[in-house]
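The block underneath contains the structure these notes are about, expressed in structure tokens.
There are 2 protein chains.
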Amino acid sequence: MKRTTYAGSVDESYLGKEVVLKGWVQKRRDLGNLIFIDLRDRKGIVQLVFSQEFNADALAVADTLRGEFVIEISGKVVARADGAINSDMKTGKIEVEVHEINVLNKSKTPPFYIQDNTNASDDLRLKYRYLDLRRPEMQRGLLIRNKITQAVHRYLDSNEFVDIETPYLTKSTPEGARDYLVPSRVYPGHFYALPQSPQLFKQLLMGAGFDRYYQIARCFRDEDLRGDRQPEFTQIDLEMSFMTAQEIQEMTEGLLKAVMKEAVDFELTTPIPRITWNEAMDRFGSDKPDIRFDMELHDMSAVVKGAGFKVFDSVLENDGQVKAIAVPGGAKAYSRKQIDAKQDYIKRFGAKGLAWVKVTADGLQGPIAKFFNDKADSITSAVKANVGDLILFVADKRQVVADALGYLRTSIAKEMDMIDKSAFAFIWVVDWPLFEYSEDFGRYIAAHHPFTMPNEEDLELLKTDPHKCHAQSYDIVLNGYELGGGSIRIHRRDIQEQMFTALDFTKEKAEEQFGWFMEALDYGFPPHGGLALGLDRFAMLLSGKDNIREVIAYPKNSKASEPLTNAPSFVSGKQLDELYLKPEIPADAKANKSEE
Amino acid sequence: MKRTTYAGSVDESYLGKEVVLKGWVQKRRDLGNLIFIDLRDRKGIVQLVFSQEFNADALAVADTLRGEFVIEISGKVVARADGAINSDMKTGKIEVEVHEINVLNKSKTPPFYIQDNTNASDDLRLKYRYLDLRRPEMQRGLLIRNKITQAVHRYLDSNEFVDIETPYLTKSTPEGARDYLVPSRVYPGHFYALPQSPQLFKQLLMGAGFDRYYQIARCFRDEDLRGDRQPEFTQIDLEMSFMTAQEIQEMTEGLLKAVMKEAVDFELTTPIPRITWNEAMDRFGSDKPDIRFDMELHDMSAVVKGAGFKVFDSVLENDGQVKAIAVPGGAKAYSRKQIDAKQDYIKRFGAKGLAWVKVTADGLQGPIAKFFNDKADSITSAVKANVGDLILFVADKRQVVADALGYLRTSIAKEMDMIDKSAFAFIWVVDWPLFEYSEDFGRYIAAHHPFTMPNEEDLELLKTDPHKCHAQSYDIVLNGYELGGGSIRIHRRDIQEQMFTALDFTKEKAEEQFGWFMEALDYGFPPHGGLALGLDRFAMLLSGKDNIREVIAYPKNSKASEPLTNAPSFVSGKQLDELYLKPEIPADAKANKSEE
Numbered sequence: 018m019k020r021t022t023y024a025g026s027v028d029e030s031y032l033g034k035e036v037v038l039k040g041w042v043q044k045r046r047d048l049g050n051l052i053f054i055d056l057r058d059r060k061g062i063v064q065l066v067f068s069q070e071f072n073a074d075a076l077a078v079a080d081t082l083r084g085e086f087v088i089e090i091s092g093k094v095v096a097r098a099d100g101a102i103n104s105d106m107k108t109g110k111i112e113v114e115v116h117e118i119n120v121l122n123k124s125k126t127p128p129f130y131i132q133d134n135t136n137a138s139d140d141l142r143l144k145y146r147y148l149d150l151r152r153p154e155m156q157r158g159l160l161i162r163n164k165i166t167q168a169v170h171r172y173l174d175s176n177e178f179v180d181i182e183t184p185y186l187t188k189s190t191p192e193g194a195r196d197y198l199v200p201s202r203v204y205p206g207h208f209y210a211l212p213q214s215p216q217l218f219k220q221l222l223m224g225a226g227f228d229r230y231y232q233i234a235r236c237f238r239d240e241d242l243r244g245d246r247q248p249e250f251t252q253i254d255l256e257m258s259f260m261t262a263q264e265i266q267e268m269t270e271g272l273l274k275a276v277m278k279e280a281v282d283f284e285l286t287t288p289i290p291r292i293t294w295n296e297a298m299d300r301f302g303s304d305k306p307d308i309r310f311d312m313e314l315h316d317m318s319a320v321v322k323g324a325g326f327k328v329f330d331s332v333l334e335n336d337g338q339v340k341a342i343a344v345p346g347g348a349k350a351y352s353r354k355q356i357d358a359k360q361d362y363i364k365r366f367g368a369k370g371l372a373w374v375k376v377t378a379d380g381l382q383g384p385i386a387k388f389f390n391d392k393a394d395s396i397t398s399a400v401k402a403n404v405g406d407l408i409l410f411v412a413d414k415r416q417v418v419a420d421a422l423g424y425l426r427t428s429i430a431k432e433m434d435m436i437d438k439s440a441f442a443f444i445w446v447v448d449w450p451l452f453e454y455s456e457d458f459g460r461y462i463a464a465h466h467p468f469t470m471p472n473e474e475d476l477e478l479l480k481t482d483p484h485k486c487h488a489q490s491y492d493i494v495l496n497g498y499e500l501g502g503g504s505i506r507i508h509r510r511d512i513q514e515q516m517f518t519a520l521d522f523t524k525e526k527a528e529e530q531f532g533w534f535m536e537a538l539d540y541g542f543p544p545h546g547g548l549a550l551g552l553d554r555f556a557m558l559l560s561g562k563d564n565i566r567e568v569i570a571y572p573k574n575s576k577a578s579e580p581l582t583n584a585p586s587f588v589s590g591k592q593l594d595e596l597y598l599k600p601e602i603p604a605d606a607k608a609n610k611s612e613e
Numbered sequence: 018m019k020r021t022t023y024a025g026s027v028d029e030s031y032l033g034k035e036v037v038l039k040g041w042v043q044k045r046r047d048l049g050n051l052i053f054i055d056l057r058d059r060k061g062i063v064q065l066v067f068s069q070e071f072n073a074d075a076l077a078v079a080d081t082l083r084g085e086f087v088i089e090i091s092g093k094v095v096a097r098a099d100g101a102i103n104s105d106m107k108t109g110k111i112e113v114e115v116h117e118i119n120v121l122n123k124s125k126t127p128p129f130y131i132q133d134n135t136n137a138s139d140d141l142r143l144k145y146r147y148l149d150l151r152r153p154e155m156q157r158g159l160l161i162r163n164k165i166t167q168a169v170h171r172y173l174d175s176n177e178f179v180d181i182e183t184p185y186l187t188k189s190t191p192e193g194a195r196d197y198l199v200p201s202r203v204y205p206g207h208f209y210a211l212p213q214s215p216q217l218f219k220q221l222l223m224g225a226g227f228d229r230y231y232q233i234a235r236c237f238r239d240e241d242l243r244g245d246r247q248p249e250f251t252q253i254d255l256e257m258s259f260m261t262a263q264e265i266q267e268m269t270e271g272l273l274k275a276v277m278k279e280a281v282d283f284e285l286t287t288p289i290p291r292i293t294w295n296e297a298m299d300r301f302g303s304d305k306p307d308i309r310f311d312m313e314l315h316d317m318s319a320v321v322k323g324a325g326f327k328v329f330d331s332v333l334e335n336d337g338q339v340k341a342i343a344v345p346g347g348a349k350a351y352s353r354k355q356i357d358a359k360q361d362y363i364k365r366f367g368a369k370g371l372a373w374v375k376v377t378a379d380g381l382q383g384p385i386a387k388f389f390n391d392k393a394d395s396i397t398s399a400v401k402a403n404v405g406d407l408i409l410f411v412a413d414k415r416q417v418v419a420d421a422l423g424y425l426r427t428s429i430a431k432e433m434d435m436i437d438k439s440a441f442a443f444i445w446v447v448d449w450p451l452f453e454y455s456e457d458f459g460r461y462i463a464a465h466h467p468f469t470m471p472n473e474e475d476l477e478l479l480k481t482d483p484h485k486c487h488a489q490s491y492d493i494v495l496n497g498y499e500l501g502g503g504s505i506r507i508h509r510r511d512i513q514e515q516m517f518t519a520l521d522f523t524k525e526k527a528e529e530q531f532g533w534f535m536e537a538l539d540y541g542f543p544p545h546g547g548l549a550l551g552l553d554r555f556a557m558l559l560s561g562k563d564n565i566r567e568v569i570a571y572p573k574n575s576k577a578s579e580p581l582t583n584a585p586s587f588v589s590g591k592q593l594d595e596l597y598l599k600p601e602i603p604a605d606a607k608a609n610k611s612e613e
């Protein structure tokens, strides 16, 4: 029997027709001389009816069916009785009278139900991923992901981009995150590394004159995992020659518009708003502002200065700042105890305290209200607060204020349900600092990566006071998530060398690690730039999920292992010998996995 | 300046227009008060003219230009003088009078010329790959490759296939080729493996109900390299549920038709011819027959039997066979000495000798002609030979005859220029043996892989005499190359267990290596099958190249290293410590790479 259509596609247009359908038994209802089967496939569910009247043999077979059996049937599409119509389903007005059925495979009872709401644990879902992926919401996520990639291919192809694959077995560059290594069998003691991104290879493609490159590329980072991280992840990777940052952003906007239309039928308005990194930190306390809601940060320094509240005055005298947000309706919504809990939380950002007042019809209230009651109007006006609002102040160094209030802004917006979950709010954050100070390394590191071009007007500064440079870089932010980022790259060797110097590379270290790349810059590299979008995160956001695992077919769990195949695993001594490797497992190392 | 078009796109339709172009200096001709520059970009070359008359400053700049400098210019498109027209070039009727020029980057003199004919060594080309890739023929290869992938995405998307990514960090399965391993930092002594193909993951996607899957997937094999092999390679990977082998082949033909049209504007006629593996071995002595020419193998056993030539008779008495090919015009083309050289060569296939006769107007000639002269007509008729032809006989066991004559057929066709190089000849080879005997392993191994479904009529044989089974498998062959292959897969646990038994797996070994997969088959797997096409080889054949390195942006060299970045390389002790690894390099190991 050759399938004529998908089960989930049979609607009134098939009335009276004979169809052949193939799929899984979702549910069976047995009324003795009548059996109903819900047949499921990728497109949805259709109701099958078995009866002596249509075919006695088929009825007998139907009686043996259990959940997840695989069957093929042929039958006639008929209208359901009036009382049996389900208008929520595409197939809800019809059913199929089955004339013939074959059981293609049987199934044991699955360890969890194949339905959207599941309470199976994460590891059980991963171990039986092939069953988990049968659940409609998991299928939806991967289908949205597919629509994103299809739109990407179409849009970029029509704009003369060339899809070029770069190597996965390449050289380890200890800068940045930790590499996954691959031992070489041919060269004892040597290792390939899996790429953290195709960055240098795509820049070389610009040097090679390809002009417009893209790739949907797997990237690898051996970092400690968090909710939104995986050992391997996928980026939509672009690079263009002879274009300005603004032109690259416009090209990207066209791409995003095409994707949003195709994947979720959303009409994205372009140009996408664009703010500088400085403005983002000032207004939202974040370099990835969620602009689906307001509650912006306001500088209160001028208003609160000299009012007699020593904490504020002392911060202001020491080059700090006082900023605040006004939480609409927050006066009622937050108790003193709840505010204290927030104060405790923001200590992790270095904040020493959280000052607050509530705005009432009778003026400001709260522990520090007395200092400011005669300035109540100036304060509420500066922070755009109304009666009933809660005003939260943080006074500290600029970064601490931004981190603390930025956190409060988003966490409170979630708590108070201020966010329109159906919205897709994109924003460009541009003109980033070229460097940032890393506490981990105890030195300045590249804010993006060491190949980022400083602003033209900062090229002299790069030689004299490099850490003040800003960069021709840009992030695209969606709903408060960093969706992607990019920059104009350095295409001249002299600037690249200055960059490494500013990063405290010795000449020898720069040569050893990136000599081959700097030599390339000697041979006529064009001005170029690009960006990369995180496909996993994009698919997650468009599917309305909160973990990228939900839109990856076979993700690792939170301990970087794959419960399905049980990778990673021990390998044979022969395999290790061929690679000249001997694992040395110290007694105090974590218990190995197989013993868990 | 914003580019208005590509240099290589400027033709008569731009006459009189002002253009902005960006690209590389290919060539400079200096006539003193007039300088001509050939400007190159991805689309081709256009001629720029600098003169005092158009702009004196620009002329002065032009005087400083050297090969591979990067420039941007604006200028006016004018017709060339009659004598200067080059009708072989798209831009050959025009030139651009330059009004303004900026030098965007300088270049050292490259180590080889940026032109199609190069005598640079392979390693030099790889070390300076970004320069090698500037050569037009290299750009062409990668652009054809891009057109293939674009056509693949479009065709499969329009046929409801879902692009799904499978993991690159997965579990080592020692069956088959050698795995690349990736040590785990989290689990001491444990390793991920890079996948040799997404085989099991794509089958699980069918189990998950995705119905139609595809992926352009990187695959990894740590094998000894040959001309046509790379440590990492790319396949166009397909899998479908509920379809027969024939239906899968038809779907693939649609895909190939779309690709051939898009990539090389070739109208592929479908259905593609289809022969069984047996027939391919009989007629062409090969499981990947090149059908761009005839010269088929003919069974001469009946004709030569009992003619008195003991070699033939003895082979025939021992269940062997005598087969021959007729080389058109070969009587003149091949001397006795040349034929002897061929005889020496085919000894590697196990052939003990090569018998031959030449067909002349006076009958057969040659050392064994005397035995067959009274059967000359039957012989020439059986092997379809004419006067002037050379008939080559091999008498031996079936496989030896096939290998020897299959080799002679193709090598002679090349030598005698019998092959239409512009042809693209596809053929399906179907119904393969399920197993083949491996001299390396000393046992039967799976001819395709252990997940291949036997023919329905051989299911009983699988239990009793498995090595006689044939499989529901198929290869697609292009111009004598295996372009891809696939099969219907086993979707039932009982058959999968029988398969492992036939492969001499103990129950324990099967469980240890594939238990997780066999458990999956317990839960309602649909009938399914698929195939994989080698993208590198496809791009190579459509570009008219003879090595896949020519259509890979950054390939490894023949020793699995990458001269550009010098990967693989040593890594830091810290990196090794984190992975609990200690390389143990025996004194007699190959000299390590850095010391070479």
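Chains D and S supply the protein sequences, listed in that same order. The first sequence maps to residues 18 to 613 in my numbering. The second sequence maps to residues 18 to 613 in my numbering. Where a beta carbon is used, it is the ideal one built from N, C-alpha and C, also for glycine. None of these values were measured; they are calculated from a predicted model.
- Contact between lysine 392 of chain S and glycine 383 of chain S is absent: CB atoms are separated by about 14 Å, not below the 8 Å threshold.
- About 6 Å separates the beta carbon of leucine 198 of chain D from that of valine 588 of chain S, a gap short enough to meet the 8 Å contact definition.
- Cβ neighbours of isoleucine 356 of chain S within its own chain (closer than 7 Å, five residues either side excluded): Leu371 and Trp373.
- In the displayed model, isoleucine 565 of chain D falls within a helix according to three-state DSSP.
- When Cβ-Cβ separations below 8 Å define contact, glutamate 182 of chain S makes contact with chain D.
- By the neighbour-count criterion, in which a residue is buried when 16 or more other Cβ atoms sit within 10 angstroms of its Cβ, aspartate 521 of chain D is exposed.
- Under the 10 Å beta carbon count, glycine 92 of chain S is surrounded by 16 or more other beta carbons and is classified as buried.
- Non-local beta-carbon contacts of leucine 273 of chain D in its own chain, meaning distances under 7 Å to residues more than five positions away in sequence, involve Leu285 and Phe443 in chain order.
- The C-alpha of phenylalanine 388 of chain S lies about 16 Å from the C-alpha of leucine 407 of chain S.
- In this model, glutamine 213 of chain S and threonine 22 of chain D are separated by some 34 Å (Cα to Cα).
- Interface residue (Cβ-Cβ distance to chain D less than 8 Å): lysine 44 of chain S is not classified as such.
- With contacts defined as CB atoms closer than 8 Å, valine 27 of chain S and valine 94 of chain S qualify as a contacting pair.
- Straight across, the Cα-Cα distance linking glutamate 182 of chain D with alanine 570 of chain S is about 7 Å.
- Between the C-alpha atoms of proline 345 of chain S and aspartate 437 of chain S there is a straight-line separation of about 16 Å.
- Counting along the chain, the unbroken beta strand (DSSP E) around glutamate 256 of chain S starts and ends at 249-258.
- Valine 179 of chain D has D/Tyr230 as its beta-bridge partners, per DSSP.
- Among the residues facing chain D, serine 26 of chain S is not included, as its CB has no counterpart in that chain under 8 Å away.
- Excluding its 5 nearest sequence neighbours in each direction, phenylalanine 283 of chain D has C-beta neighbours in its own chain below 7 Å: Met277 and Phe441, listed in chain order.
- At the C-beta level, tryptophan 294 of chain D and aspartate 413 of chain D stay beyond 8 Å of one another.
- Using a Cβ-Cβ cut-off of 8 Å, phenylalanine 587 of chain S is close to Gly206, His207 and Phe208 of chain D, given in chain order.
- Within chain S, the residues placing a beta-carbon under 8 Å from that of aspartate 539 of chain D are Ser124 and Lys125, ordered along the chain.
- Residues of the segment 260-280 of chain D that bring their beta carbon within less than 9 Å of a beta carbon in chain S comprise Met260, Thr261 and Glu264, in sequence order.
- Between the alpha carbons of lysine 305 of chain S and serine 124 of chain S lies a gap of roughly 47 Å.
- For tyrosine 424 of chain S, the enclosing alpha helix (DSSP H) begins and ends at 415-432.
- Between leucine 141 of chain D and phenylalanine 129 of chain D the beta-carbon gap is near 7 Å, inside 8 Å, which marks them as a contact.
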